[in-house]
Structure formats: structure tokens, C-alpha cells
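Chemist: For reference, the structure I am asking about is given below.
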Amino acid sequence: MAARAYWQGQIRLALVSIPVEIYTATRSGAQISFHQIHEPSGKRIQYEKVAPGVGPVDADEIVKGFEVEKGEYVLLEQDEIDAVKLESKKTLELTQFVDADEIDVLYYERPYFVVPADDLAEEAFIVLREALKRTRKVGLGQLALRGREYVVSLKPCGRGMVLETLRYADEVNRAQGYFRDIPDDAPDPELLGLAETLIEKKVAKFDPGEFHDRYVDALRDLIERKKKAKGKKIIEEAESGTPSRGSNVVDLMAALKKSLEKPGAKASAAVKTKPAKKAPARKRA
């Protein structure tokens, strides 16, 4: 069965309009879903929609309301909301082009694949894709999707393009508020050299297939063991020998050197340690 388009419309660049379709580029992983259970009876907890003083209500009696004053609402039908006229519901107008590295990673939210809607759209689609490749730019515009308008970016991806929804500025926390108490001291050159060597030793090409959700695996194993234990409580014992946090330069130096002494690592040069400095008092979060 062919995938269903998440959105259909057109990309507009000046006077050029390109009919396109977008499809979700990601999917949910194999998560473990839990339900709430009433332990004495073993029955699953159900939730009903109720109105105070009325009791349970039917779904067709529910409308959306916006609270304008305490306890006072403006009621809206879904077809009234759907009828709101916004050009970005059907048209993504590219209004700006920027270098990809100008957009902070904090702003990226969700990716979508973009393809031409039909054969007639292919030529203009390919021209735009190749122009973005040659100029090494990312197109920006605004697009209405499922009840809200997003800032979006558009970039080449193989034979197609990828559209990514971006967060607005007021949706991203300022990093300074979290980082201001971290000292701006220059690190010890010898420590820095050891850390760089350790990083270079582990450099490899990114392969997403090398990673999987180990927590899901552990939960599946726990569920299987619980099933065999017929309800008996199972608690994982904490692993012994957990390395303690180094609190001074000597501990950090020793830890870095030991990391490099594993099989296959190059012998590290002897490093002269220096007395540990007292760590500055950190403010409580």
C-alpha cells in the first residue's frame, strides 16, 4: 500500500510554482507501552469525558472553546477552524535563503520528504533542488500543518528534498541561563592533549544502524522474566565497581591515561601531574 501524503500543495519561488507532496521521514521506534491496571481486579483503567454536574458526555456533544475570562468560553466548531484562510495552508513560499550552519540545531524539529506531485512538476523541482545544491543554501518559508503554522527549511536530499519544521525563537530557551556558572578557564594543555587523543582513537563514520534502544530490550527481558516468575517481584541489582567521579586534576589525568592504555591504544607519554585545585563552589540549581 502506497504511503499517504502528509501534505499536498505547492512550493513557490517568485513566479514559479511547483506542485509537491510531503511525507513523514521518521517513524516511532519499538517502544514498550504500559497501561494503568486496577491491581485488585486486574482490570484496565478506563477514562470517561465528563462535565461537572452533568456526568459522562457523548463525543458529538464536545466542541472546542477558548477561555476569554474565568469560566467564560468562545465556542468554535471544527469546520469554522478549518475555514480559517491562510495562504500557507496550500503554498510554501520561499522568502529567504541562508547557509545551513546559520540555523542552530536547537531550532530543528521534524523532517519530511518532499517529492514532485506529478511528471509536469519534475523539471522545476529538479532545477530548484540543483540550485540549492550549487549555492549550498537552505530555503526558508512558513507552512500551515495540522492546526498551526511552522517556520520550515528546505534542502536537497539525494534525488529529492527534505523539509524540516523549525521552532520559533520564543520556543527555544536561552543557553546563557544554563551555562553562565561554568568557568571560562583554559584547560590544562596535557589533559587536553590526552582527551583529543582519546577522541581521535574513537573517530568513525556515522552509521545509525549501529545503535538501538537498549532500554526497550531490557524491558522486554524484564517482562519475559516476570511472566515466568508468575508475579514474583524482580529487582535488578546495581552493578558493582561503578567508577567514582574524579574531583581533581590527578583523578582526571589518571582516568584519561587509563582509557588510552586499553588494547590497541598507542602508549601514551608520561605526564607530570600537578596538585589539585579546589573546585569553585557551584550554585545550586
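As numbered in the working numbering, the sequence shown has no gaps in its residue numbers, which increase by one up to the final residue, 725. Cβ coordinates follow ideal geometry from the N, Cα and C atoms, glycine included.
1. Where do the N-terminal and C-terminal ends of the alpha helix (DSSP H) with alanine 584 fall, by residue?
2. Buried or exposed for tyrosine 618, please, with buried defined as at least 16 other CB atoms from any protein chain shown within 10 angstroms of its CB.
3. How is lysine 483 classed by DSSP in three states: helix, strand or coil?
4. The beta strand (DSSP E) that contains proline 459, what's its start and end?
5. Assuming glycine 633 is part of the alpha helix (DSSP H), what are its boundary residues?
6. Looking at the structure shown, is glutamine 450 part of a helix, part of a strand, or coil, going by DSSP?
7. Between the Cα of leucine 560 and those of Asp691, Val460, Met693, spot the shortest distance and give me the residue it belongs to.
8. Across which residues does DSSP place threonine 605 in a beta bridge pair?
9. Nearest by alpha-carbon distance to glutamate 563: which of Glu507, Ile458, Asp691 is it?
10. For the beta strand (DSSP E) that contains glycine 617, what are its first and last residues?
11. I'd like to confirm the pairing. Which residues does DSSP put opposite glutamine 536 in its beta bridges?
12. Quick one: what's got a C-beta closer than 8 Å to arginine 586's C-beta in the same chain, skipping five residues either side?
13. Suppose the cutoff is 6 Å on Cβ atoms and the five residues either side in sequence are ignored; what does the same chain contact list for leucine 634 look like?
14. Across the segment 569–578 and the segment 517–524, are there enough close Cβ pairs to call them in contact, namely three or more that are closer than 8 Å?
15. Does DSSP classify proline 496 as helix, strand or coil?
16. Check each candidate in Asp653, Val602, Leu700 and name the one with the smallest Cα separation from lysine 641.
17. So, at 7 Å on beta carbons, what are the nonlocal neighbours of glutamate 664 in its own chain, with the 5 sequence-adjacent residues on each side left out?
18. Going by alpha carbons, who is nearest to arginine 599 out of Lys668, Leu631, Ser593, Phe553?
19. Pull up the distance between the alpha-carbon of glutamate 527 and that of proline 623, whole angstroms please.
20. Can you name the residues that DSSP bridges to valine 503?
21. Quick one: what's got a C-beta closer than 6 Å to glutamine 471's C-beta in the same chain, skipping five residues either side?
22. Near proline 727, which residues of its chain fall below 6 Å by C-beta distance, leaving aside the five closest residues on each side in sequence?
23. Could you give the C-beta distance for valine 503 and glutamate 517, rounded to a whole number, given that I count them as a contact under 8 Å?
24. Just the C-alpha distance for isoleucine 639 and phenylalanine 651, rounded to the nearest angstrom, thanks.
Modeler: Looking at the coordinates:
1. Alanine 584 -> not in any alpha helix (DSSP H); beta strand (DSSP E) instead, spanning 577–585.
2. exposed
3. strand
4. 456–464
5. 629–641
6. strand
7. Val460
8. Arg550, Val592
9. Ile458
10. It is not in any beta strand (DSSP E) - glycine 617 instead sits in the alpha helix (DSSP H) that spans 616–619.
11. Leu580
12. none
13. Leu696
14. no
15. strand
16. Leu700
17. none
18. Phe553
19. 49 Å
20. None; valine 503 has no bridge partner.
21. none
22. The first residue shown for the chain is 441 and the last is 725, placing residue 727 beyond what the model contains.
23. 6 Å
24. 19 Å
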